[in-house]
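Right, one structure below, let's go through it.
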Amino acid sequence: MSETGSSFSEAEPFTLAIDGMGGDGGPEVVVAGLAIAADRHPSARILLIGDEVRLREQLAHHPKAAAICTVRPAAAAVPMDMKPTAALRVRDSSMRLAMDAVAQGEARGVVSAGNSGAMLALAKIVIKTLPGISRPAMAAISPTTKGDVVMLDLGANMACDWRNLVEFAVMGEAFAKAVLGLTAPTIGLLNVGSEELKGDEKLRQAAEILRNSPLAPQFHGFVEGHDITAGTTDVVVTDGFTGNVALKTGEGALKMSFVLLRQVFRSGLLAKLGYLLVRPGLDRMREWLDPRRYNGAVFVGLNGVVVKSHGGTDAEGFASAVDVAMDMVTHRFNESIRERLSRMGSLTTLRPGAGKDQPAVAAVS
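Note that the numbering used here has the sequence shown beginning at -12, numbered continuously upward.
Structure below.
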(Lines of atoms letter the chains of each structure in order from A and count residues from 1; the text may use other names and numbers.)
(Lines give C-alpha, C1' and ligand atoms only; values in the text may rest on other atoms or scores of the structure.)
Protein backbone atom coordinates (compact mmCIF):
# COMPACT_ATOMS: atom_id res chain seq x y z
CA MET A 1 0.00 0.00 0.00
CA SER A 2 1.30 3.44 -0.81
CA GLU A 3 1.89 6.23 1.67
CA THR A 4 -1.24 8.04 2.79
CA GLY A 5 -2.58 10.16 5.60
CA SER A 6 -1.36 13.72 5.02
CA SER A 7 -2.62 16.85 3.29
CA PHE A 8 0.79 18.58 3.44
CA SER A 9 2.65 19.54 0.30
CA GLU A 10 4.84 16.74 -0.95
CA ALA A 11 7.67 19.25 -1.48
CA GLU A 12 7.73 20.19 2.20
CA PRO A 13 10.16 18.08 4.28
CA PHE A 14 8.67 16.03 7.07
CA THR A 15 9.33 17.58 10.47
CA LEU A 16 10.39 14.21 11.90
CA ALA A 17 10.79 10.62 10.80
CA ILE A 18 9.68 8.24 13.57
CA ASP A 19 10.80 4.64 13.98
CA GLY A 20 7.43 3.10 14.78
CA MET A 21 8.85 -0.28 15.82
CA GLY A 22 11.52 0.77 18.34
CA GLY A 23 11.47 0.19 22.09
CA ASP A 24 9.92 -2.36 24.41
CA GLY A 25 6.39 -1.09 23.78
CA GLY A 26 6.61 -0.92 19.99
CA PRO A 27 3.84 0.77 17.95
CA GLU A 28 1.45 0.93 20.91
CA VAL A 29 3.69 3.26 22.92
CA VAL A 30 5.03 5.15 19.89
CA VAL A 31 1.61 6.05 18.49
CA ALA A 32 0.17 6.88 21.93
CA GLY A 33 3.18 9.16 22.45
CA LEU A 34 2.59 10.83 19.10
CA ALA A 35 -1.02 11.47 20.12
CA ILE A 36 0.26 13.43 23.13
CA ALA A 37 2.85 15.20 20.96
CA ALA A 38 0.15 16.15 18.44
CA ASP A 39 -1.53 18.34 21.06
CA ARG A 40 1.76 20.17 21.65
CA HIS A 41 2.84 20.34 18.00
CA PRO A 42 -0.31 20.32 15.84
CA SER A 43 1.57 21.68 12.81
CA ALA A 44 4.16 18.90 12.84
CA ARG A 45 4.37 16.59 9.86
CA ILE A 46 5.42 13.09 10.90
CA LEU A 47 6.70 10.27 8.69
CA LEU A 48 5.84 7.15 10.71
CA ILE A 49 7.76 4.07 9.56
CA GLY A 50 7.18 0.42 10.41
CA ASP A 51 4.74 -2.47 10.14
CA GLU A 52 1.88 -0.78 8.27
CA VAL A 53 -0.88 -3.02 9.62
CA ARG A 54 0.15 -2.56 13.27
CA LEU A 55 0.72 1.18 12.88
CA ARG A 56 -2.64 1.83 11.21
CA GLU A 57 -4.31 -0.31 13.86
CA GLN A 58 -2.92 2.00 16.56
CA LEU A 59 -3.57 5.19 14.59
CA ALA A 60 -7.26 4.21 14.39
CA HIS A 61 -7.35 4.54 18.19
CA HIS A 62 -5.50 7.88 18.18
CA PRO A 63 -7.05 10.25 15.61
CA LYS A 64 -4.88 13.18 16.71
CA ALA A 65 -1.76 11.20 15.87
CA ALA A 66 -3.32 10.01 12.60
CA ALA A 67 -3.94 13.64 11.59
CA ILE A 68 -0.20 14.49 11.57
CA CYS A 69 1.22 11.15 10.42
CA THR A 70 2.01 9.65 7.04
CA VAL A 71 2.71 5.91 7.23
CA ARG A 72 5.58 4.35 5.31
CA PRO A 73 5.83 0.53 5.37
CA ALA A 74 9.02 -1.16 6.55
CA ALA A 75 9.62 -4.87 6.10
CA ALA A 76 11.78 -5.32 9.20
CA ALA A 77 12.62 -3.94 12.64
CA VAL A 78 15.90 -3.79 14.57
CA PRO A 79 15.66 -5.97 17.72
CA MET A 80 16.96 -4.49 20.97
CA ASP A 81 19.66 -7.16 21.18
CA MET A 82 20.91 -6.94 17.58
CA LYS A 83 24.57 -6.03 17.15
CA PRO A 84 25.22 -2.73 15.38
CA THR A 85 27.14 -4.44 12.57
CA ALA A 86 24.14 -6.68 11.90
CA ALA A 87 21.74 -3.73 12.00
CA LEU A 88 23.76 -2.01 9.26
CA ARG A 89 22.99 -4.91 6.92
CA VAL A 90 19.20 -4.68 7.41
CA ARG A 91 18.51 -2.01 4.81
CA ASP A 92 14.72 -2.24 4.99
CA SER A 93 14.34 -1.83 8.75
CA SER A 94 12.15 0.94 10.16
CA MET A 95 15.17 2.49 11.87
CA ARG A 96 17.25 2.47 8.68
CA LEU A 97 14.45 3.96 6.59
CA ALA A 98 13.97 6.73 9.16
CA MET A 99 17.70 7.52 8.97
CA ASP A 100 17.53 7.47 5.15
CA ALA A 101 14.70 10.01 5.22
CA VAL A 102 16.91 12.45 7.16
CA ALA A 103 20.00 11.79 5.05
CA GLN A 104 18.04 12.43 1.86
CA GLY A 105 16.52 15.66 3.17
CA GLU A 106 13.04 14.18 3.30
CA ALA A 107 12.81 14.76 7.06
CA ARG A 108 14.59 17.14 9.42
CA GLY A 109 15.08 14.72 12.30
CA VAL A 110 14.53 11.19 13.54
CA VAL A 111 13.27 9.75 16.84
CA SER A 112 13.58 6.10 17.87
CA ALA A 113 13.24 4.16 21.09
CA GLY A 114 15.20 1.29 19.57
CA ASN A 115 18.63 -0.27 19.97
CA SER A 116 21.12 2.47 21.01
CA GLY A 117 24.19 0.87 19.46
CA ALA A 118 22.41 0.20 16.17
CA MET A 119 21.01 3.73 16.15
CA LEU A 120 24.44 5.33 16.59
CA ALA A 121 26.04 3.08 13.98
CA LEU A 122 23.31 3.83 11.43
CA ALA A 123 23.42 7.55 12.17
CA LYS A 124 27.19 7.71 11.64
CA ILE A 125 27.04 5.72 8.40
CA VAL A 126 23.81 7.09 6.90
CA ILE A 127 23.46 10.66 8.23
CA LYS A 128 27.20 11.18 8.85
CA THR A 129 28.94 13.68 11.12
CA LEU A 130 29.08 17.43 10.66
CA PRO A 131 32.23 18.82 8.99
CA GLY A 132 34.72 19.68 11.72
CA ILE A 133 33.37 17.10 14.19
CA SER A 134 35.45 13.96 14.61
CA ARG A 135 32.89 12.01 16.66
CA PRO A 136 29.24 12.53 17.56
CA ALA A 137 28.31 12.46 21.25
CA MET A 138 25.20 11.54 23.21
CA ALA A 139 23.84 14.50 25.17
CA ALA A 140 20.92 14.69 27.59
CA ILE A 141 19.43 16.92 30.27
CA SER A 142 19.37 15.96 33.96
CA PRO A 143 17.89 17.72 37.01
CA THR A 144 20.02 19.57 39.57
CA THR A 145 19.30 21.54 42.72
CA LYS A 146 19.57 24.72 40.64
CA GLY A 147 17.71 23.70 37.52
CA ASP A 148 18.92 21.48 34.67
CA VAL A 149 22.32 20.42 33.42
CA VAL A 150 23.45 19.18 29.98
CA MET A 151 25.72 16.14 30.12
CA LEU A 152 27.77 14.64 27.31
CA ASP A 153 29.06 12.17 26.30
CA LEU A 154 26.76 9.56 27.84
CA GLY A 155 27.94 6.46 26.02
CA ALA A 156 28.61 7.09 22.35
CA ASN A 157 32.41 7.10 22.78
CA MET A 158 34.02 4.87 25.38
CA ALA A 159 37.47 6.43 24.91
CA CYS A 160 38.15 10.04 23.95
CA ASP A 161 41.15 12.27 23.36
CA TRP A 162 41.50 15.97 24.19
CA ARG A 163 40.12 17.04 20.82
CA ASN A 164 36.92 15.03 21.31
CA LEU A 165 36.39 16.66 24.70
CA VAL A 166 36.85 20.14 23.23
CA GLU A 167 34.34 19.33 20.48
CA PHE A 168 31.89 18.06 23.13
CA ALA A 169 32.27 21.37 24.96
CA VAL A 170 31.43 23.29 21.77
CA MET A 171 28.38 21.10 21.07
CA GLY A 172 27.24 21.06 24.70
CA GLU A 173 27.36 24.85 24.86
CA ALA A 174 25.18 25.09 21.75
CA PHE A 175 22.81 22.43 23.09
CA ALA A 176 22.34 24.32 26.37
CA LYS A 177 21.60 27.51 24.46
CA ALA A 178 19.01 25.81 22.24
CA VAL A 179 17.26 23.63 24.83
CA LEU A 180 17.72 25.47 28.13
CA GLY A 181 17.57 28.94 26.63
CA LEU A 182 20.81 30.07 28.31
CA THR A 183 22.73 32.95 26.78
CA ALA A 184 26.17 31.98 28.11
CA PRO A 185 26.15 28.43 29.55
CA THR A 186 29.00 27.58 31.89
CA ILE A 187 31.08 24.50 31.07
CA GLY A 188 32.89 22.03 33.31
CA LEU A 189 35.16 19.08 32.55
CA LEU A 190 34.34 16.09 34.77
CA ASN A 191 37.43 15.05 36.73
CA VAL A 192 38.50 13.36 39.98
CA GLY A 193 39.19 16.77 41.53
CA SER A 194 38.84 20.46 40.79
CA GLU A 195 42.56 21.25 41.01
CA GLU A 196 44.33 22.04 37.71
CA LEU A 197 46.88 19.23 38.15
CA LYS A 198 44.23 16.52 38.70
CA GLY A 199 43.22 14.01 36.04
CA ASP A 200 44.95 12.43 33.08
CA GLU A 201 46.77 14.13 30.22
CA LYS A 202 43.77 14.34 27.89
CA LEU A 203 41.73 16.25 30.49
CA ARG A 204 44.54 18.71 31.22
CA GLN A 205 45.11 19.25 27.49
CA ALA A 206 41.41 19.86 26.82
CA ALA A 207 41.27 22.30 29.75
CA GLU A 208 44.27 24.21 28.40
CA ILE A 209 42.66 24.58 24.97
CA LEU A 210 39.35 25.76 26.45
CA ARG A 211 41.10 28.30 28.70
CA ASN A 212 42.71 29.83 25.60
CA SER A 213 39.60 29.73 23.41
CA PRO A 214 36.54 31.95 22.86
CA LEU A 215 34.78 29.70 25.39
CA ALA A 216 37.22 30.78 28.12
CA PRO A 217 34.76 33.17 29.86
CA GLN A 218 32.27 30.30 30.17
CA PHE A 219 34.79 27.60 31.10
CA HIS A 220 34.55 26.90 34.83
CA GLY A 221 37.36 24.36 34.86
CA PHE A 222 37.28 20.88 36.38
CA VAL A 223 34.18 19.65 38.23
CA GLU A 224 33.65 16.52 40.35
CA GLY A 225 30.80 14.03 40.53
CA HIS A 226 28.88 15.92 43.22
CA ASP A 227 28.97 19.07 41.07
CA ILE A 228 26.64 17.43 38.54
CA THR A 229 23.60 17.39 40.83
CA ALA A 230 24.70 20.60 42.56
CA GLY A 231 24.36 22.46 39.26
CA THR A 232 27.85 23.94 39.53
CA THR A 233 27.94 24.32 35.73
CA ASP A 234 25.29 24.27 33.01
CA VAL A 235 27.24 21.79 30.88
CA VAL A 236 29.31 18.81 32.08
CA VAL A 237 31.73 17.31 29.56
CA THR A 238 33.24 13.85 29.87
CA ASP A 239 34.03 10.69 27.88
CA GLY A 240 31.24 8.22 27.15
CA PHE A 241 32.39 5.57 29.61
CA THR A 242 32.52 7.93 32.59
CA GLY A 243 29.37 9.76 31.54
CA ASN A 244 27.34 6.57 31.21
CA VAL A 245 28.50 5.34 34.62
CA ALA A 246 27.72 8.72 36.21
CA LEU A 247 24.26 8.83 34.60
CA LYS A 248 23.25 5.33 35.68
CA THR A 249 24.69 5.82 39.17
CA GLY A 250 22.53 8.92 39.51
CA GLU A 251 19.46 7.07 38.26
CA GLY A 252 20.13 4.27 40.76
CA ALA A 253 20.60 6.69 43.65
CA LEU A 254 17.30 8.38 42.77
CA LYS A 255 15.43 5.07 42.73
CA MET A 256 17.03 4.07 46.05
CA SER A 257 15.93 7.36 47.62
CA PHE A 258 12.29 6.77 46.70
CA VAL A 259 12.44 3.15 47.94
CA LEU A 260 13.88 4.28 51.30
CA LEU A 261 11.28 7.04 51.64
CA ARG A 262 8.53 4.53 50.96
CA GLN A 263 9.93 2.22 53.66
CA VAL A 264 10.19 5.08 56.16
CA PHE A 265 6.62 6.27 55.64
CA ARG A 266 5.27 2.73 55.99
CA SER A 267 7.15 1.99 59.20
CA GLY A 268 4.37 2.91 61.63
CA LEU A 269 1.23 4.92 62.33
CA LEU A 270 3.07 8.16 63.09
CA ALA A 271 5.12 7.75 59.90
CA LYS A 272 1.93 7.31 57.87
CA LEU A 273 0.45 10.44 59.44
CA GLY A 274 3.66 12.29 58.65
CA TYR A 275 3.37 11.15 55.05
CA LEU A 276 -0.08 12.70 54.76
CA LEU A 277 1.38 16.04 55.90
CA VAL A 278 4.30 16.04 53.47
CA ARG A 279 2.56 14.31 50.56
CA PRO A 280 1.96 17.50 48.50
CA GLY A 281 5.66 18.32 48.64
CA LEU A 282 6.67 14.75 47.79
CA ASP A 283 4.28 14.75 44.84
CA ARG A 284 5.90 17.93 43.52
CA MET A 285 9.35 16.41 43.97
CA ARG A 286 8.29 13.21 42.21
CA GLU A 287 6.93 15.23 39.31
CA TRP A 288 10.09 17.34 39.11
CA LEU A 289 12.34 14.27 39.12
CA ASP A 290 10.11 12.16 36.83
CA PRO A 291 12.56 10.54 34.36
CA ARG A 292 9.95 10.83 31.61
CA ARG A 293 10.42 14.61 31.65
CA TYR A 294 14.08 14.10 30.75
CA ASN A 295 13.57 11.33 28.20
CA GLY A 296 15.25 11.96 24.88
CA ALA A 297 19.02 11.83 24.49
CA VAL A 298 20.40 13.62 21.44
CA PHE A 299 23.25 12.39 19.25
CA VAL A 300 24.94 15.74 18.63
CA GLY A 301 27.48 16.36 15.89
CA LEU A 302 25.50 14.71 13.08
CA ASN A 303 24.13 16.11 9.80
CA GLY A 304 20.60 15.89 11.17
CA VAL A 305 18.63 15.80 14.42
CA VAL A 306 18.80 12.30 15.95
CA VAL A 307 16.99 11.68 19.25
CA LYS A 308 17.12 8.42 21.22
CA SER A 309 14.16 7.69 23.48
CA HIS A 310 14.57 5.26 26.37
CA GLY A 311 13.50 1.82 25.21
CA GLY A 312 11.34 1.13 28.27
CA THR A 313 9.52 4.47 28.35
CA ASP A 314 5.76 4.96 28.20
CA ALA A 315 3.70 7.24 25.94
CA GLU A 316 4.39 10.36 28.01
CA GLY A 317 8.12 9.66 27.93
CA PHE A 318 8.12 9.11 24.16
CA ALA A 319 6.23 12.39 23.73
CA SER A 320 9.02 14.10 25.69
CA ALA A 321 11.58 12.67 23.27
CA VAL A 322 9.53 14.10 20.40
CA ASP A 323 9.50 17.44 22.23
CA VAL A 324 13.32 17.41 22.35
CA ALA A 325 13.53 16.67 18.63
CA MET A 326 11.03 19.43 17.86
CA ASP A 327 13.10 21.88 19.91
CA MET A 328 16.20 20.91 17.95
CA VAL A 329 14.43 21.41 14.63
CA THR A 330 12.69 24.63 15.67
CA HIS A 331 15.87 26.22 17.02
CA ARG A 332 17.87 25.05 13.97
CA PHE A 333 20.34 23.35 16.25
CA ASN A 334 22.56 21.85 13.56
CA GLU A 335 22.77 25.15 11.74
CA SER A 336 23.91 26.82 14.96
CA ILE A 337 26.58 24.13 15.43
CA ARG A 338 27.88 24.73 11.90
CA GLU A 339 27.91 28.47 12.50
CA ARG A 340 29.75 28.14 15.80
CA LEU A 341 32.34 25.80 14.33
CA SER A 342 33.01 28.18 11.46
CA ARG A 343 33.30 31.16 13.80
CA MET A 344 35.47 29.25 16.23
CA GLY A 345 37.86 28.63 13.34
CA SER A 346 40.77 26.45 14.40
CA LEU A 347 39.64 25.77 17.97
CA THR A 348 39.54 21.98 17.63
CA THR A 349 42.73 21.83 15.55
CA LEU A 350 44.88 23.74 18.03
CA ARG A 351 47.59 21.93 19.91
CA PRO A 352 47.92 22.02 23.71
CA GLY A 353 50.91 24.03 24.85
CA ALA A 354 50.52 26.71 22.19
CA GLY A 355 49.28 29.13 24.84
CA LYS A 356 48.74 32.69 23.75
CA ASP A 357 50.79 32.18 20.60
CA GLN A 358 48.24 29.84 19.08
CA PRO A 359 46.24 31.01 16.04
CA ALA A 360 43.55 33.58 16.72
CA VAL A 361 39.93 32.45 16.61
CA ALA A 362 36.77 34.48 16.35
CA ALA A 363 34.66 35.14 19.41
CA VAL A 364 31.55 33.13 20.06
CA SER A 365 28.40 35.03 19.19
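Here a beta-carbon is modelled for each residue, glycine too, at the ideal position from N, C-alpha and C.
Rounded to the nearest angstrom, the gap between the Cα atoms of Leu141 and Leu256 is 43 Å.
Beta-bridge pairing by DSSP links Val224 to Leu139 and Leu176. Annotation: the stretch 115 to 139 contains the following complete segments of the beta strand (DSSP E) (minimum length 3 residues), in chain order: 124 to 130 and 135 to 139. Spanning the alpha carbons of Val294 and Ser129 requires a straight line of approximately 15 Å.
DSSP, reduced to helix, strand and coil, places Ala4 within a strand of the structure shown. In this structure, Trp275 is the residue among Trp275, Gly9 and Ala233 with its C-alpha nearest to the C-alpha of Gly134. Within the same chain, and ignoring the five residues on either side of Ala63 in sequence, the residues whose Cβ sits closer than 7 Å to its Cβ are Val77, Asp79 and Ser80. Counting only runs of 4+ residues, the alpha helix (DSSP H) found wholly inside the stretch 157 to 215 occupies 188 to 198, in chain order.
DSSP places Pro60 in the uninterrupted beta strand (DSSP E) bounded by Cys56 to Pro60.
As the crow flies, the alpha-carbon of Ala94 is around 35 Å from that of Phe206. Taken through DSSP and simplified to helix, strand or coil, Ser296 comes out as coil. Bridge pairing for Ser80: Ala63 [DSSP]. Closest in C-alpha terms to Val153, from the list Ile196, Asn144 and Gly208, comes Ile196.
In this structure, Gly92 places its C-beta atom within 8 Å of the C-beta atom of Pro0. Taking a 10 Å sphere around the C-beta of Gln250, we find fewer than 16 other C-beta atoms and assign the residue as exposed. Between Gly230 and Met106, the C-beta spacing is not below 8 Å. For the pair Leu247 and Arg253, the Cα-to-Cα distance works out to about 10 Å. Secondary structure of Gly96 (DSSP, three-state): strand.
Met272 and Ala73 have their C-alpha atoms spaced approximately 42 Å apart. For Ala143, the closest C-alpha among the options Trp149, Ile33, Thr132 and Arg122 is that of Arg122. Membership of Leu257 in the alpha helix (DSSP H) is indicated by the continuous run Leu256 to Trp275. The beta-bridge partner set that DSSP reports for Phe286 consists of Met125.
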